[in-house]
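A short write-up of the structure that comes next.
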Amino acid sequence: MMWGPGYGYGFGMGGGFGMIFMILLVVVVVFLVFGAFRQVHDDRRHNLTRKPRAREILDERYARGEIDAEEYQRKRAEIEQ
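The opening position of the sequence shown corresponds to residue -5 in the numbering used here, with each subsequent residue numbered one higher.
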C-alpha cells in the first residue's frame, strides 16, 4: 500500500476540519466585504446629511448676528466645497 499525497485514508484538506475551515473562511470573507460596503455606504450617507445641517447652523448664526456677512460668505463657500 502506498502512503503519501493523494493516497491512503482521509477526506483531503485535513479531513472534515478542512471543510469546516473553508466554510468559516468563506463566511469571514463575506462578512468583511459586507462590513466594508456598509462602512462606505454609511460614510456617504453621513456626508450627504452633514452639509445641510452645517448650512442650517451657519444660517442660524448669521440670522442671530453672531457672524458678519463676510464671515458668512467665507464659511458657506467652505461648506459647499
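Yeah, the Cβ is synthetic: ideal placement off N, Cα and C, and Gly gets one too.
Span of the alpha helix (DSSP H), counted from its first residue to its last, around residue i
i   : result
Q67 : A63 to I73
Pick from the options that is closest to residue i, judged by C-alpha positions
i   : options               : result
A71 : D53, V20, R32 and R58 : D53
Nonlocal neighbours in the same chain, by C-beta distance under 8 Å from residue i, ignoring five residues either side
i   : result
I73 : K45, A48, R49 and L52
Contacting residues, own chain, Cβ-Cβ under 6 Å from residue i (five flanking each side not counted)
i     : result
M(-5) : Reliability of the predicted coordinates at M(-5) is poor, the pLDDT of 48 falling under 50, and no value is obtained from them.
Sequence-distant residues of its chain with Cβ nearer than 7 Å to residue i (five each side left out)
i   : result
F25 : none
Y56 : Y66
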